[in-house]
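Okay, structure first, notes after.
In our numbering, the protein residues as written are 17 to 693.
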């Protein structure tokens, strides 16, 4: 008898439940919940039942009583459409997910939504559904575990020592992000990352042999992964043996499990009919007979519950870790305190004073530089106080200026705080999400703004999950110049602003850039995008402002002189200088204009109405200036206002020539103001 079979026999006898029932409860809960909701994906949960049982009952280190225990194993369901598998596992093992929630699968305000959602359901480590991103999140989590271990573990004190497990399907592997993330995972030799590939050969359109014939094992071997091919996913002993081998290998592992979608359903097994639709009452009745499950919908025998209950072992595991951490704290009190601070997401003492000093120094210096350089200066100012800051770039380090004086590339022991992600913008953004979700780091990553399109769905998921990630997007406009329209951002600033809960900062100078970085670092309820210039921007001399006003997203940078303002110019980034130039020109003609800098529209929109009215003025005609799409600014200037922008693609030429060609001059802005007065 194999070790896994022996273990299963002992567990079943002790629990008073058969091994068949212990596995089939996953199938029953999945098909019943989907049927009750009349919506969902029963096939994958039924097909991966044995794999899930082996991992969750015999290997996964977690404590349902404390889903936030830092040294728990991470589990990611990348094929998130099979969410009922995860909900069944969480319910059975003892998380706060009662049966009533399973009965409310896919219903309004339930804790069992159609796809797993981070922050909603206890035990869900990340939001999944857009295929491939969960896999990339898992790579980020595994990297975070290795880096945190390198920074805090000491001889005889392995305080951070856990695995990241991920379930994935054909769709995850067809998505290009799987190549980006898994290629880098192999290069980084993330040996505590283990994936289970549900190789059932089915997707929505049917059998995938017509459009997906990759040799997946060879593909992952080429990445440098340890691969176990052709495992029978319905043979628990075979899955156990493959997992045992993976746990011993220093490379990331992929266990390729041959399975049958909707295993146990007599008529819909191995068909795409079971992928994304309920089985139907007749098929469910037949399935109950076929798998020997005589219980009515949503009924679980006590013996099965007892066999799955992970709370006693989870409490024991966490108590043992707590004892180890107490010894660690005694031996290394400063490290223990620092780890606790970082895991809690708290900023170090003195951080606020550091920010105030940096902003005051930048205001006093009044330096005219590119905001990408100002961003690097911000990292130099804040980085030494933030060991949790971890960064990288998608092969544009020298252009994004994301490498600061304290940056150190990761070495073979995972010491360091910077990595080159390579030309993998989407993979980078999704990995950054995973690093944040793991805990202990504030990650940032850089690329050109125009390539935010590659990253967009990961940016959206980060905003949906309300997690702190900082995206550095340099070369933010036609000011990029000679690289031309393929690289010049036109619609990107506005499109990023349309993502709910995404803070988009487009600073005009060193002070606003430092303020933007500070707010991004302090923010714990969502991601931030920093839009930075390639070209130098003139420092706004002779203006008066306060840091707290910049933090409000929009403020009066330069008030009209000689009387009440007759109009307001709203500008961001490099165009703030144009607004100030127009203000000077208009003053000569006796036209009094207020200039408002609005580096972050979402934050400004969240201010109280009295503040917004004070900044923009009641009834004053308005002109907006930004080297990008004009439509976004209508909500500020109204139908009677004017917008100086660009609604076409750019041109390849030196930046100054391109700006003049498209009419981004103080004279044109001044003319726009006169047109609305």
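Just so you know, even glycine gets a beta-carbon here, dropped at the ideal spot from N, CA and C.
All figures in this text were calculated on a predicted structure; none of them were measured in a lab.
Secondary structure note for residue 263: its alpha helix (DSSP H) is the uninterrupted segment 252-264. Residue 131 carries a coil assignment under DSSP once its states are collapsed to helix, strand and coil. A direct Cα-Cα distance of roughly 13 Å separates residue 451 from residue 487.
By the Cβ neighbour-count rule, residue 449 is buried, with 16 or more other Cβ atoms within 10 Å of its own. Secondary structure note for residue 668: it is in no alpha helix (DSSP H), with a DSSP letter that is neither H nor E. Here residue 318 is exposed: its Cβ has fewer than 16 other Cβ atoms, across all protein chains shown, within 10 Å. Residue 128 is a Cβ neighbour of residue 117, given a cutoff of 7 Å. If you look at residue 297, you'll find it isn't in any beta strand (DSSP E); it sits in the alpha helix (DSSP H) that goes 297-307.
Assignment of residue 80 by DSSP, reduced to helix, strand and coil, places it in the coil class. Setting aside the 5 residues that flank it on each side, residue 333 is surrounded in the same chain by 77 and 79, each with a C-beta closer than 7 Å to its C-beta; the list follows chain order. With respect to residue 659, residue 649 sits close: the two C-beta atoms are nearer than 7 Å.
Residue 164 sits in a helix when the DSSP states are folded into three classes.
In this chain, the beta strand (DSSP E) harbouring residue 519 covers 519-521. If you look at residue 526, you'll find it in the alpha helix (DSSP H) that goes 526-538. The alpha-carbon separation between residue 259 and residue 389 amounts to approximately 48 Å.
Here residue 147 is buried. Its C-beta has 16 or more other C-beta atoms within 10 Å. Where residue 103 is concerned, the enclosing alpha helix (DSSP H) starts and stops at 99-109.
Of the residues 269, 136, 199 and 84, the one whose Cα lies closest to the Cα of residue 447 is 199. Comparing C-alpha distances from residue 684 to each of 580, 602 and 509 shows the shortest one belongs to 602. Counting only runs of 4+ residues, the alpha helix (DSSP H) found wholly inside the stretch 329-380 occupies 349-359, in chain order.
Straight across, the Cα-Cα distance linking residue 608 with residue 396 is about 40 Å. Residue state for residue 220 is assigned as coil, using DSSP reduced to three classes. Within its own chain, the residues whose Cβ lies closer than 7 Å to the Cβ of residue 81, once the five positions on either side in sequence are excluded, are 327, 330 and 331, listed in chain order. If you ignore the 5 residues before and after residue 644, its C-beta comes within less than 8 Å of the C-beta of 493, 505, 506, 507, 508, 509, 510, 661 and 662, all in its own chain and listed in chain order. As DSSP reads the structure, residue 213 sits in a beta bridge with 184 and 272. Taking the C-beta atoms as reference points, residue 168 is found no nearer than 7 Å to residue 95. For residue 640, there is no enclosing alpha helix (DSSP H); the enclosing beta strand (DSSP E) covers residues 638-641. Excluding its 5 nearest sequence neighbours in each direction, residue 411 has C-beta neighbours in its own chain below 6 Å: 438 and 439, listed in chain order. Assignment of residue 246 by DSSP, reduced to helix, strand and coil, places it in the strand class.
Counting C-beta atoms within 10 angstroms of its own C-beta, residue 100 has 16 or more neighbours from the protein chains shown and is therefore classed as buried. Nearest neighbour of residue 615 by Cα position, chosen from 638, 590, 633 and 596, turns out to be 590.
Pairing residue 555 with residue 382, the inter-Cα distance amounts to about 6 Å. If you draw a straight line from the Cα of residue 296 to the Cα of residue 44, it is about 13 Å long. Every beta strand (DSSP E) of 3 residues or more that sits fully in the stretch 423-488 is shown, in chain order, as 434-436 and 458-464. Between residue 567 and residue 612, the CB-CB gap reaches or exceeds 7 Å. Around residue 364, the same chain offers 357, 401 and 402 as residues with beta carbons nearer than 8 Å, after the five sequence neighbours per side are excluded.
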